[in-house]
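Here's the structure, in structure tokens; my notes come after.
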Amino acid sequence: MNSRPLWRQLDYVTLALVYLIAVASLIIIASSSASTGLYYMKRQMIWLILGSIAMAVMVWIPYERFQKLSPYLYWLSIFLLGVVIVHGQTRLGAQRWIAVGPFQLQPSEFAKIAVVITLATHLAKKTSLTRWRDLISPFLHVALPMLLIIKQPDLGTALVFVAIMAGMLFMAGVPVWKLILIFPGGFGFVVLWIYLALTIHSVHIPLPMHHYQLNRLLIFLHPNQDPLGNGYNVIQSRIAVGLGGLWGQGLFGAHANQLSFLPAASTDFIFAVIAEELGFVGSMSLIFVYLLLLARGTYIATQARDRFGLLLAAGVVAMFAFHVFESAGMVSGIMPVAGVPLPFMSYGGSAFLADSAGVGILLNVYMRRKAGSYSQKAQPASVVYSRKVTSQQ
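Residue numbers (my numbering): 331 to 723.
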């Protein structure tokens, strides 16, 4: 038993990185919404305070207790996602929000944290993940909330669930070749399916979304085909990134942002604001900070005292990694516009609270890495896999 107080074992490096991004976001949000004064920055400060409280709560509760709460968290998230479909508020053609007093909350953001916790609980109880049938229950576990989110529709958040599941299955010890078949192979199958549906008109090939939704998703490949419609956001974000050059045009001095050409400048396309105002140097500096955060999260996962803590940390890291990759790639035109916020940077309360809860989980796992003893020690995925292969031979 470690005699040091738990609070002294907090990972202050992770905390410093998170608050560095959060404070920078206040400045960028103030710049991206200068025409409205400091309204959005003040509201983001409120979410920063509430997010700090959420983070503290997640740190305070010993993470092994999450396993007992897992069924309640899972079905509560399913219930809230169902409420969204029935009574949710619609914006820009998507029904994703429910009103809670003066705030609009997005249950799909909190569902990501719920899935991290509940999937970690599910996988930690499994003694084998090397057979195909062992993967059925984890996929069904994630499929239900994913389908409800796709129904909204919110493909971007649904893809986050795929990233979370892939990262956690890898760290749980699923053979790598199977993961390659499932995820890259599944992606290739979906791309082929969409291609055939769009090119072969003699045979009806069903799609899980309307054609206008599919066009909105694929417009990043050829945005000039609809420059004033679906391609407008992609074109303007590319222009903003290009205008930034090496050093940027300075805070509050970006033309595409200040003249309101750039859509959703404070939310989905905030990375384009950073690229225009701070240039390549500023945007790559932010990416470097995110990489440090992801590296620190990976280190925390490897230091976890048990398998459950390992999987919790892996799920959070996978969630953040996908958010950063998709958000930065979206504004650069190399990824589809999926409406995924940049962690701790984009304006929005639900995402900020969920991300804060995720960081709280990381801090919780690290803080209790030496407290007590558990029979099931955490092992890296390669070690888990090699032992399982050896035991079967």
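Here a beta-carbon is modelled for each residue, glycine too, at the ideal position from N, C-alpha and C.
Check                                                                                                    : Outcome
Whole-angstrom distance between Phe610 and His653, CA atom to CA atom                                    : 20 Å
CB of Trp427 within 9 Å of CB of Gly418, strictly                                                        : yes
For Ala352 and Leu378, the rounded distance between their alpha carbons                                  : 7 Å
beta-carbon Ile664 near the ligand GDP non-hydrogen atom, thresh 8 Å                                     : No copy of the ligand GDP appears in this structure; indeed no ligand is present at all.
Pro671 burial status per 10 Å Cβ neighbour count (16 or more: buried)                                    : buried
Given Tyr393 as reference, the closest of Ala634, Ala502 and Tyr369 once Cα atoms are compared           : Ala634
Start-to-end residues for the beta strand (DSSP E) that takes in Ile428                                  : Ala424 to Val430
Phe433 (DSSP reduced to helix, strand or coil)                                                           : strand
Neighbour-count burial assignment, Thr420, 16 or more Cβ in a 10 Å radius                                : exposed
Distance between beta carbons of Ile494 and Lys455, contact taken as under 8 Å                           : Not quite, the Cβ-Cβ distance comes to about 18 Å (not below 8 Å), so this is no contact.
Cβ-Cβ distance between Pro666 and Met660 below 9 Å                                                       : yes
Three-pair Cβ contact test at 8 Å for the segment 595 to 604 versus the segment 564 to 579               : yes
Rounded C-alpha distance that separates Val348 from Leu623                                               : 8 Å
Nearest candidate by alpha-carbon position, reference Ile565, set Ile617, Gly575, Ile549 and Gly580      : Ile549
Straight-line Cα distance separating Thr460 from Thr720                                                  : Here Thr720 scores only 39 on pLDDT, less than 50, and its place in the model is too uncertain to base an answer on.
Bridge-paired residues (DSSP) for Thr632                                                                 : None; Thr632 has no bridge partner.
Bridge partner(s) assigned by DSSP for Arg421                                                            : Ala424
Sub-9 Å separation of Met501 and Ala625 beta-carbons                                                     : no
Coarse secondary structure for Met498, derived from DSSP in three states                                 : helix
Beta-carbon proximity list for Asn554, same chain, < 8 Å, skipping 5 on both sides                       : Gly561 and Ile565
Three-state secondary structure (DSSP) of Lys455                                                         : coil
Same chain, Cβ closer than 8 Å to Ile535, five either side skipped, listed in chain order                : Trp523, Leu526 and Ala527
Ile604 versus Asn563 - alpha carbon distance                                                             : 16 Å
First and last residue of the uninterrupted alpha helix (DSSP H) at Thr529                               : Val506 to Thr529
Test item: CB-CB of Phe396 and Thr451 under 9 Å                                                          : yes
Ala595 versus Gln339, Asp341, Ser355 and Arg338, residue with shortest Cα-Cα distance                    : Ser355
CA-to-CA distance, Val533 to Met385, given in whole angstroms                                            : 52 Å
First through last residue of the alpha helix (DSSP H) which encompasses Arg637                          : Arg637 to Ser662
Ala346 to Tyr620 span [Cα, whole Å]                                                                      : 12 Å
Segment contact flag, the segment 506 to 513 with the segment 686 to 693, C-beta cutoff 8 Å, min 3 pairs : no
Best match in Tyr696, Pro673, Tyr677 and Val446 for proximity to Gln434 [C-alpha to C-alpha]             : Tyr677
Cβ neighbours of Val430 in the same chain (closer than 6 Å, five flanking residues each side left out)   : none
Residue environment, Phe638, which counts as buried when at least 16 other CB atoms sit within 10 Å      : buried
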